[in-house]
Each structure stands twice: as structure tokens, then as C-alpha cells.
Amino acid sequence: MKVEIWSDIVCPFCYIGKRRFEKALASFSQKDKVEVVYRSFQLDPDMKPEKGVSVNQYLANRKGIPPEQAKEMNEYVTSMAKAEELLFDFDKAVITNTLQAHRLLQLAKAHGLQPATKEKLMSAYFTEGKDVGDENVLLELGKEVGLPVEEIKALFANESYMEDVELDQYMAQQLRVQGVPFFVFNNKYAVSGAQAQSVFAEVLEKAAEQELAG
Numbered sequence: 002m003k004v005e006i007w008s009d010i011v012c013p014f015c016y017i018g019k020r021r022f023e024k025a026l027a028s029f030s031q032k033d034k035v036e037v038v039y040r041s042f043q044l045d046p047d048m049k050p051e052k053g054v055s056v057n058q059y060l061a062n063r064k065g066i067p068p069e070q071a072k073e074m075n076e077y078v079t080s081m082a083k084a085e086e087l088l089f090d091f092d093k094a095v096i097t098n099t100l101q102a103h104r105l106l107q108l109a110k111a112h113g114l115q116p117a118t119k120e121k122l123m124s125a126y127f128t129e130g131k132d133v134g135d136e137n138v139l140l141e142l143g144k145e146v147g148l149p150v151e152e153i154k155a156l157f158a159n160e161s162y163m164e165d166v167e168l169d170q171y172m173a174q175q176l177r178v179q180g181v182p183f184f185v186f187n188n189k190y191a192v193s194g195a196q197a198q199s200v201f202a203e204v205l206e207k208a209a210e211q212e213l214a215g
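Each residue of the sequence shown is one higher than the one before, starting from 2 at the first, in the working numbering.
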């Protein structure tokens, strides 16, 4: 079974949804037969990082709401994450463009290290407050999961894997993806959003049954 997940690294609901899906997968009887592929999706591809702008301020500007309301929204999301044993620290998080991180994920896919790289990137951003748009940061994170250093350096020196990122986003357009995370099971069943663990468990079973039925 193949599960494709469109998500952005700096999207809090993508991390929460990822963890809920992983919990459902862990208890799935056929988990060893499931291939998980992370597809690129940028929520704000034109993002130009501004130093000194907090995540709360960025959210307030983007949604046209007071900073206090944005802070309350992020506090609510933090409590949601905590329920999934994830630690979010929006006070440390930085506003950044995720294009280079998505290219790194495509490189990781070629090496069979995509799941580990995805987790490393999201943890670095949400928990450690690292700038996942910074090439030096990405180099270190890539090294930590076992990606070849020279290939990471080459990645940032040319346009490699750019087409892969663009293709993933084009696929999302074709699927009419309105928001992320967005999960597709065996090209047949779709789940949108950070749904409950039980929802993912149900769809995994349904996809498995459909596969057996041919």
C-alpha cells in the first residue's frame, strides 16, 4: 500500500496530523507493507523572511487579526500538539521559506531517508526553533540523518530536485488540494486535515480491503 502525504514543514497541523497517522500506522496489522511518501507543498512559496517578525505577528498579518488573537490560536495549537506528545515552541520559531527544505526531502527520498528527514526537519523547526530555510542548518540536519554531505552541498549549488518539488505541487493542484496535510491512500482514498487517529486507522483498513479485492 502506498500513502502519499502533502504537507509543509512549518505547518503545525501537518506535524500533528503526521503523528496521528503514525500512531494509526503503528497499530495497523499490515504496517510493514505500507510505503509512505512525503510530497512537497508550500503554504507560502513567495515568503520572504523578515528578521524580527515573530510567528504570532506573521499569523496576525496573514489573517488580518490582532496579534493577541494570533497568540491565542498558537497556544491552542500548542495544546493540541502536547496531546500528541509533541512540544511546540512558537516563541522560538522563525518565519522562513521552506523551498530548500523541500528539496532536501526530495534528496532524502532518493536515499530512502525521507521519513527520518521529515521528522528531523519538523522537530528542528517546532521544538528547537531552527531556521529550516537556512542552508547551513539544513546541511547539519541532513548529516544527522545520514545524507551524504557532498550531495547536500551540491543540492544548494544547483537546481537539482527543484522539478520534483514543482511536480508534487502540480499534483496537489490536480487533486484540488485546498489545504494540508492531505493524505492519499493507494490513489483511491483521501483524508484532508489533521484528523483523529481513528480516522486514519479506518482508512488504512479500507484501503487494505480494497487492495485484497483487487
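The beta-carbon is built from N, C-alpha and C at its ideal position, and this holds for glycine as well.
*Should isoleucine 6 be labelled buried (16 or more other beta-carbon atoms within 10 Å of its own) or exposed?*
buried
*Compute the Euclidean distance between the alpha carbons of serine 28 and glutamate 203, then round it to the nearest angstrom.*
When rounded, the separation of the alpha-carbon atoms in serine 28 and glutamate 203 is 11 Å.
_Within a Cβ cutoff of 6 Å, which residues of the same chain sit near methionine 48, ignoring the five residues on either side of it in sequence?_
Asn98
*Nearest-angstrom Cα separation, counted from tyrosine 162 out to alanine 61*: 33 Å
*Taking the Cβ atom as the reference point for each residue, do alanine 109 and leucine 148 lie within a distance shorter than 8 Å?*
For alanine 109 and leucine 148, yes; Cβs fall inside 8 Å.
*Rounded distance between the beta-carbons of leucine 100 and proline 46, thought under 8 Å*: 7 Å
*How many Å lie between lysine 131 and phenylalanine 91 at the Cα?*
11 Å
_Which residue wins for smallest C-alpha separation from tyrosine 126, given the options Lys32, Gly65, Tyr16?_
Tyr16
*Other residues of its chain near proline 68: CB distance less than 7 Å, five sequence neighbours each side excluded*: Asn57, Gln58, Ala61
*How should glycine 18 be labelled, buried or exposed, when 16 other C-beta atoms within 10 angstroms of its C-beta is the threshold for buried?*
buried
*Do you know offhand how far asparagine 137's Cα is from glutamine 211's?*
45 Å
*asked:* Among the candidates Arg20, Glu73, Asn75, Lys207, whose CA atom is the shortest distance from the CA of lysine 189?
replied: The residue with the shortest Cα to Cα distance from lysine 189 is Lys207.
*asked:* Given this structure, state the Cα-to-Cα distance separating aspartate 165 from glutamine 107, to the nearest angstrom.
replied: 7 Å
*asked:* In whole angstroms, give me the CA-to-CA distance for histidine 103 and serine 41.
replied: 6 Å
_Here's a check: name, in chain order, each residue in its chain whose Cβ is nearer than 7 Å to the Cβ of lysine 24, leaving out the five neighbours to either side._
Gln198
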